[in-house]
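Numbering (this note's numbering), first residue to last: 21 to 460.
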């Protein structure tokens, strides 16, 4: 990966590769999940310490068989051990469920896949009765073996009692000088243990990540799959290849999403929502019949029904828009509630405020909410009209039905009704001369 970051912490859909694997494992409701870590593992532990897993250190990297052996002292003999890989993020739970539940409980279960180009993979060797007899790694294979298209994914499930014995019997007599986990397949065959194989629906389920090209390939496959799920649920995507989903998305009916949209975290879109091009929505809820115009950024916000946001609008965390609110171009809202029917349409910043119903905020209005140390609130009453170019210096309250004259700096509470303004006397000096640059 040519990176200081451990490979399993590189992200797919904005989530570490290992997180994908752990989450898949947890869907199977196992008794325990063990993560075996080696080089750079402390960084992995620190970043994923919230995961409900047991961390097992592999102090020396002596191969896959040696890695699995590190966890075996912690596992009971009557357990079924499922081996997964931290850099193989897209294996589906249904695939693993089928792998773990063959007809014979005493079988070794092996996930294989047939590839047009099997280069680099260990080959599955079968006898005349089509039974698996062994896995031969490519570096140890002759030309005949390399012609086999069925390959080992490394993912297997095996009773702990057998696995413990076979791991103890591994040796390093191979091209890599390592303890190969794949050697247990031949041991199982020689012991007369049934070897059950299963293949995934797509080979992408078992592809690992060894470089950034492979990571990008899996990202595009994963995003295409998520886009297909949205369209099957009734969402119109102007171009499915130009949507990125980095979390969980729930939608109502007749949602339409334009190009280059990014949906991050937990996103909920109501029915008949339209999302304009180049928009980013993160951990937010958008109500029914809303229009989010292009180039808007919405983060940790709640938007009610029948709202219009953008273009080029930014809703920062803890913003709450009630129904029928309009937030226009180059407007930034932060930690503010905007109540029903209010409009903030042009070039304004409203922070740490409560804006009443039916309010109109003119262009270029700002709440001066920060004094360099503390944030202070602004209260704007129902049906207030805030003239363009106004500064509301918090803490301050503007009453109901107040009109604030354009260009005012409001430093004291404005009482209900009537007009409030503050302006310095306008002066003109007809004899004043603009400075001229001297000619050299």
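Beta carbons are placed, not taken as given, at the ideal position from N, Cα and C, and that holds for glycine. Keep in mind it's a predicted model, so treat the numbers as computed, not measured.
Collapsing the DSSP output to three states places residue 261 in a helix.
In this chain, residue 50 is not harboured by any alpha helix (DSSP H), its DSSP state being neither H nor E. Only residues of its own chain outside the window of five on either side were considered, and among them 247, 250, 251, 263, 277 have a CB closer than 7 Å to the CB of residue 257, listed in chain order. In the three-state DSSP reduction, residue 423 falls in the strand class (E or B).
About 11 Å separates the beta carbons of residue 375 and residue 403, which is beyond the 8 Å limit, so they are not a contact pair. Distance from the CA of residue 323 to the CA of residue 290, rounded to the nearest whole angstrom, comes to 10 Å.
For the 9 Å CB-CB criterion, residue 283 and residue 301 form a contact.
Annotation: residue 221 to residue 398 spans about 57 Å, alpha carbon to alpha carbon. Here residue 174 carries a strand assignment [DSSP, helix/strand/coil]. By DSSP's assignment, residue 380 forms a beta bridge with 363, 405. Taking all protein chains shown into account, residue 390 has fewer than 16 neighbouring C-beta atoms within 10 Å of its C-beta and is therefore exposed. In this structure, the straight-line span from the alpha carbon of residue 151 to that of residue 182 is close to 19 Å. In the displayed model, residue 91 falls within a helix according to three-state DSSP. In the structure shown, residue 311 falls within a strand segment according to DSSP collapsed to helix, strand and coil.
A Cβ-Cβ separation of about 15 Å leaves residue 217 out of contact with residue 102 under the 8 Å criterion.
Using a C-beta cut-off of 8 Å, the region 28 to 39 makes contact with the region 67 to 75, since at least three inter-stretch Cβ pairs fall below that distance. Classified as exposed, residue 261 has fewer than 16 neighbouring CB atoms from the shown chains inside 10 Å of its CB.
CA-CA distance, residue 78 to residue 60, rounds to 11 Å.
Separation of residue 26 and residue 210 (C-alpha to C-alpha, rounded to the nearest whole angstrom) is 38 Å. Counting the other Cβ atoms within 10 Å of the Cβ of residue 352 gives 16 or more, which makes it buried.
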